[in-house]
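A.B. asks:
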Amino acid sequence: MLRRLLQGTTRATLGSYVLIAVAGLLFLVQFLVLGWWFAAIAVIPLVGSGIINTRKIHVAARAGAPSNLSFRSAPQAGASRPAGGAVARSHATSAGRLAAAMEEDPERSARLFEMTGGMGSKSAAQSGQTVLGVARDSLAVALKSSDLTFVPLNPSIASTQIQELEPRCIVVDLGAFAVGPWGGTLDAGGTPLMRELLQALDVAKREDVDVVVVSSDETNDHVGSESLRQRASRVIHDATDESALAASVQAVANAN
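Note that the working numbering gives residue 304 to position 227 of the sequence shown, counting from 1, and the numbers run on in steps of one.
(1) Closer than 8 Å by C-beta to Ala219: which residues in its own chain qualify, once you throw out the five before and the five after it? Chain order, please.
(2) Taking buried to mean at least 16 other C-beta atoms within 10 Å of its own C-beta, is Glu273 buried or exposed?
(3) If you draw a straight line from the C-alpha of Asp279 to the C-alpha of Gly252, how long is it?
(4) Counting only the same chain and skipping the five closest in sequence on each side, list residues whose C-beta sits under 6 Å from that of Ser167.
(5) In three-state terms, what does DSSP make of Pro269?
(6) For Arg245, is the classification buried or exposed, using 16 other Cβ atoms within 10 angstroms of its Cβ as the cut-off for buried?
(7) I'd like to know if the stretch 231-249 and the stretch 204-214 are in contact, where contact means that at least 3 CB-CB pairs between them fall below 8 Å.
(8) Leaving aside the five residues before and after Phe254 along the sequence, list all residues of the same chain whose C-beta is less than 6 Å from its C-beta, in chain order.
(9) Could you spell out the range, first to last residue, of the beta strand (DSSP E) harbouring Ser215?
(10) Determine the burial state of Phe104: buried for a count of at least 16 other Cβ atoms within 10 Å of its Cβ, exposed for fewer.
(11) Shortest alpha-carbon distance to Gly267 belongs to which of Ala98, Met192, Ser302 and Asp294?
(12) Quick check: the Cα distance between Ile239 and Asn231, rounded to an integer number of angstroms?
(13) Grab me the residues of Ile313's own chain with a C-beta within less than 8 Å of its C-beta, minus the 5 sequence neighbours each way, in chain order.
(14) Do Ala265 and Ala235 come within 8 Å of each other at the CB atom, strictly closer than that value?
(15) Thinking Gln327 and Leu242 are a contact (beta carbons under 8 Å), I'd like their distance in whole angstroms, please.
(16) In angstroms with no decimal places, state the Cα-to-Cα distance between Leu102 and Ser93.
(17) Is it buried or exposed for Ser147, if we count other Cβ within 10 angstroms and need 16 for buried?
(18) Sort Gly260, Gly257, Ala332 and Ala100 by Cα distance to Val286 and report the nearest one.
(19) In or out: Thr237 buried (at least 16 other Cβ within 10 Å) or exposed?
(20) Enumerated in chain order, which unbroken segments of the beta strand (DSSP E) with a length of 3 residues or greater are wholly contained in the stretch 230-256?
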C-alpha cells in the first residue's frame, strides 16, 4: 500500500512539473509575440517618417528647391559681415543701375520729371537766377547767399532738369561725390552714374549753358574726374573759400 501511495505521489509530482513546464513555455511564447508586436508598433512610424523625408529631399533636389530639412554647414574661417564701405558701395551700385536703366528708356527722365515736379526742383527754380549742379552743403549755402537759386541735379532726371529749368550755369563740385545721391560717381563702381552726369553735361553744352567744375588735389586721382573737367567751360582749382567760389559762379551766371 505504501508503494502504491509513493507511486501516486510521484505521478502527481511529475504531472505538476509537466504542467509548470508547459505553462512556462506558453508564457515565453506569449512574451516573445507581444514583444515583437510592441517593437513593430514603435519602429514602423519611425521608418515611415524616414522614408517620407527621404522622398522630400529627392523631390526637392530634382525640382531645385530647398526641402523642409535644412543642412547648415559651419561658417568658414575668416568669414565676416560686410563692412560699412561695402554697404555704401551697394547703395551706389543700386543708384547706378537706375541710371543705367535710363538709357534703355530715354523718355523716362521726362516722365519722371513731370510726375515728381522735378523732385521739387521745378518750383525751386521759379525765383532768381537758377544754378543747377552737384555741390557740397557749404558751397550750396554760399551760392544762395550770393542771390543765386541753387537747385541740386538729381540722378534719373538730370538731363531733363537742364532742359526744363533753363539754368544760368551748371556747377560740378568734385568734392561732393563722396556722399549723397551721386555718391561714388567718381569711383569705378559709379560708372552708370558718371555716364548719366556726362550725358547731362552734353545736354548743357547743346543748350549753351556754361559748366563750372570745382576741382581739388584730393579728386585728381579719381576715375572720371578728367572727363568732367574736359566738359567744363571753366575749371576752378583748389577753391577753399566758398564765398569767393560763389562770387566766381555768380560772375559766370551773370554773363549768360
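Quick reminder that beta carbons are idealized off the backbone N, C-alpha and C, glycines included.
From a predicted model like this one, the values you see are computed outputs, not experimental measurements.
C.D. replies: Checking against the coordinates, here is how it stands:
(1) Here residue 219 refers to the residue found at position 142 when the sequence shown is read from its first residue. Cβ-Cβ distances below 8 Å link Ala219 to Glu319, Ser320, Leu322 and Ala323 in the same chain, with the five nearest sequence neighbours on each side left out; the list follows chain order.
(2) Start at 1 with the first residue of the sequence shown, and residue 273 comes out as number 196. Buried.
(3) The residue you call residue 279 lines up with position 202 of the sequence shown. The residue you call residue 252 lines up with position 175 of the sequence shown. Here the alpha carbons of Gly252 and Asp279 stand approximately 21 Å from one another.
(4) Position 90 of the sequence shown holds residue 167. Any answer about Ser167 is weak, because its pLDDT of 46 lies below 50 and its placement is not dependable; what the coordinates show is given next. Cβ neighbours of Ser167 beyond the five flanking positions: none.
(5) Translated into positions along the sequence shown, residue 269 becomes position 192. The answer is helix: DSSP assigns Pro269 an H, G or I state.
(6) As a first step, residue 245 must be located in the sequence shown, where it is residue number 168. Flag for Arg245 reads buried.
(7) Three or more beta-carbon pairs separated by less than 8 Å link the stretch 231-249 to the stretch 204-214, which places the two stretches in contact.
(8) For this step, residue 254 is matched to residue 177 along the sequence shown. Thr262 and Leu263.
(9) Start at 1 with the first residue of the sequence shown, and residue 215 comes out as number 138. Careful: Ser215 lies outside any beta strand (DSSP E), inside the alpha helix (DSSP H) at Asp214 to Ser222.
(10) Position 27 of the sequence shown, counted from the first residue, corresponds to residue 104. By the C-beta density criterion, Phe104 is exposed, having fewer than 16 other C-beta atoms within 10 angstroms.
(11) The sequence position of residue 267 within the sequence shown is 190, counting from 1. Cα-wise, what sits closest to Gly267 is Ser302.
(12) Residue 239 sits at position 162 when you count from the first residue of the sequence shown. Residue 231 sits at position 154 when you count from the first residue of the sequence shown. Cα to Cα, the separation comes out at about 11 Å.
(13) Walking along the sequence shown from the start, residue 313 turns up at place 236. Cβ neighbours of Ile313 beyond the five flanking positions: Val289, Val290, Val291, Ser292, Leu322 and Ser325.
(14) Here residue 235 refers to the residue found at position 158 of the sequence shown. Here residue 265 refers to the residue found at position 188 of the sequence shown. Taking 8 Å as the cut-off, the Cβ atoms of Ala235 and Ala265 do not count as close.
(15) Residue mapping note: residue 327 aligns to position 250 of the sequence shown, counting from 1. Residue mapping note: residue 242 aligns to position 165 of the sequence shown, counting from 1. The pair is not a contact, with the Cβ atoms about 17 Å apart (cut-off 8 Å).
(16) Residue 102 sits at position 25 when you count from the first residue of the sequence shown. Residue 93 sits at position 16 when you count from the first residue of the sequence shown. Leu102 and Ser93: Cα-Cα distance of roughly 14 Å.
(17) In the sequence shown, counting from the first residue as 1, residue 147 sits at position 70. Summary for Ser147: the model assigns pLDDT 41, below 50, so the residue's position carries little reliability; its value from the coordinates is reported in the next sentence. The residue is exposed, with fewer than 16 neighbouring Cβ atoms inside 10 Å.
(18) In the sequence shown, residue 286 corresponds to position 209, counting from 1. Looking at the Cα atoms, Ala332 is the closest of the given residues.
(19) Counting from one through the sequence shown, the residue named residue 237 turns up at place 160. Around the Cβ of Thr237, a 10 Å sphere holds 16 or more other Cβ atoms; the residue is buried.
(20) The stretch 230-256 contains, as complete beta strand (DSSP E) runs of 3+ residues, the segments 246-250 (chain order).
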